[in-house]
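Below is one structure; the comments refer to it alone.
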Amino acid sequence: MSEPSLAIRKFSDLANPTRFLALVAILWPWLAGLTLCLFAAGLYLSFTTEGDYQQGETVRIMYVHVPAAWLSMMCYTVMALSALGTLVWRHPLADVSAKAAAPIGAGFTFLALVTGSLWGKPMWGTWWVWDARLTSVFVLFLMYLGLIALNRAMDDPVRAAKVSAVLILVGFVNIPIIKFSVEWWNTLHQPASVVRMGGPTIDPEFLHPLLVMAVAFTLLFFTLHILAMRNEILRRRIAVLRRHAARAAGRKGGAA
Amino acid sequence: MSHAFYVAVSYVAAFAVTFGLIAWVWLDHRARHRELAQLEAAGIRRRSARSEVAQ
Numbered sequence: 142m143s144e145p146s147l148a149i150r151k152f153s154d155l156a157n158p159t160r161f162l163a164l165v166a167i168l169w170p171w172l173a174g175l176t177l178c179l180f181a182a183g184l185y186l187s188f189t190t191e192g193d194y195q196q197g198e199t200v201r202i203m204y205v206h207v208p209a210a211w212l213s214m215m216c217y218t219v220m221a222l223s224a225l226g227t228l229v230w231r232h233p234l235a236d237v238s239a240k241a242a243a244p245i246g247a248g249f250t251f252l253a254l255v256t257g258s259l260w261g262k263p264m265w266g267t268w269w270v271w272d273a274r275l276t277s278v279f280v281l282f283l284m285y286l287g288l289i290a291l292n293r294a295m296d297d298p299v300r301a302a303k304v305s306a307v308l309i310l311v312g313f314v315n316i317p318i319i320k321f322s323v324e325w326w327n328t329l330h331q332p333a334s335v336v337r338m339g340g341p342t343i344d345p346e347f348l349h350p351l352l353v354m355a356v357a358f359t360l361l362f363f364t365l366h367i368l369a370m371r372n373e374i375l376r377r378r379i380a381v382l383r384r385h386a387a388r389a390a391g392r393k394g395g396a397a
Numbered sequence: 038m039s040h041a042f043y044v045a046v047s048y049v050a051a052f053a054v055t056f057g058l059i060a061w062v063w064l065d066h067r068a069r070h071r072e073l074a075q076l077e078a079a080g081i082r083r084r085s086a087r088s089e090v091a092q
């Protein structure tokens, strides 16, 4: 039989939680440092570039609102890939990844909703409307909360992993709905102006700080995600140790 | 309310959520580390850790 390729070998090496923890220990300070540098540059650009001729200073809300909204969808996509990893490949870290990502996704979705509301009030004249974009993002937030609650409610991690993986994949239908809601329905929310066919339509004055902030937020997500995965691995190790200790104590008690 | 107010509250919310998530990850890690140390002090170790000690 031929040797597996280097990429496959590296990927299966990561299935070993101890190896993954060693990799996280090396990786996270670099990721955190890079995130910090990008945030410094992004925040500098966010407050030194011009305001919009119509929206004035409120355009600066975009530099936190749009990255948070992108992350809310990217995080769910990472969870959906992890769910596939659980159901199809039974990768031991796939469920750890999905479980660790849910609170981070909930945090960024909450931020997207709050900053959107704070942008909506001065620009639209209202904090909230039940249009397709806002409602579908609100549903995404509820889905994150539901998945967190489900994982906490089930004691058996293997069963919880399977049930939440199925739910995550079913819920993934909401992601294209969120993305295309502004095209499929008549919404108060504006249509896409950055990731669209034909390229971005916004001025480079706003596009540059937006892209730097988007990369900074994305790196922040991955830094938090690998660190939350490390915590989840430790939590599972503790649970196994406690179970073994209880079993050993039971055997001793039975023998006496 | 002025535009600056909406911008300021948005950035405060972004900082609050970011630092909230960082605090969650950090405090969780500290608690798990402490828990593992307590188990180790009680003589409860992983099999791989036990073999490392034995070597």
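Note that the protein sequences, when read in sequence, are chains A and B. According to this note's numbering, the first sequence holds residues 142 to 397 in order. According to this note's numbering, the second sequence holds residues 38 to 92 in order. Think of the CB as a built atom: it goes at the ideal place given N, C-alpha and C, for glycine as much as any other residue. The structure displayed is predicted, hence computed values, not measured ones.
Within this structure, are the beta carbons of Ser334(A) and Val278(A) separated by less than 9 angstroms? no
Assuming Thr190(A) contacts Phe347(A) (C-beta within less than 8 angstroms), just tell me the rounded distance between them. 7 angstroms
With a threshold of 9 angstroms between beta-carbons, can Gln92(B) be considered close to chain A, or not? For Gln92(B), the pLDDT reaches just 46, beneath the cut-off of 50, and the residue's location in the model is therefore unreliable, leaving the point undetermined.
Is the beta carbon of Leu348(A) within less than 8 angstroms of some heavy atom of the ligand FMN? The ligand content of the structure shown is nil, which means the ligand FMN is not present either.
Members of the region 250-275 of chain A near chain B, C-beta cut-off 8 angstroms: Phe251, Leu252, Val255, Thr256, Leu259, Trp260, Lys262, Pro263
Using a Cβ-Cβ cut-off of 9 angstroms, state whether Pro244(A) counts as contacting chain D. Of the protein chains in the structure, A and B, none is chain D.
Could you give the DSSP three-state label for Ala91(B): helix, strand or coil? For Ala91(B), the predicted model reports a pLDDT of 48, less than 50, meaning its position is unreliable; a value from the coordinates is still stated below. Correct three-state label for Ala91(B): helix.
Compare the C-beta of Glu191(A) against all C-beta atoms of chain B and say whether one is closer than 9 angstroms. no
Does DSSP put Asp344(A) in a helix, a strand or coil? coil
Return the chain-ordered list of same chain residues with a C-beta closer than 6 angstroms to the C-beta of Arg383(A), the five sequence neighbours on each side being excluded. none
Candidates Arg371(A), Phe251(A), Trp230(A): which alpha carbon is nearest Leu283(A)'s? Phe251(A)
Could you check how far apart the C-beta atoms of Leu310(A) and Ala301(A) are, in whole angstroms? I think they sit under 8 angstroms. With 8 angstroms as the limit, Leu310(A) and Ala301(A) do not qualify as a contact, their Cβ atoms being about 15 angstroms apart.
Going by DSSP, name the residue or residues bridged to Gly391(A). Beta-bridge pairing links Gly391(A) to no other residue.
Taking the straight line between their C-alpha atoms, what separation do you get for Val90(B) and Leu73(B)? Caution applies to Val90(B), whose pLDDT of 48 falls short of 50 and renders its modelled position unreliable; the value that the coordinates give is listed next. When rounded, the distance between both Cα atoms is 16 angstroms.
Alpha-carbon to alpha-carbon, Asp65(B) and Glu443(A): A query on residue 443(A) cannot be resolved here, the shown segment of chain A reaching from 142 to 397 and no further.
Kindly provide the ranges of any alpha helix (DSSP H) runs that are 4 or more residues long and lie completely inside the region 219-307 of chain A, ordered along the chain. Counting only runs of 4 or more, we get 235-265, 273-294.
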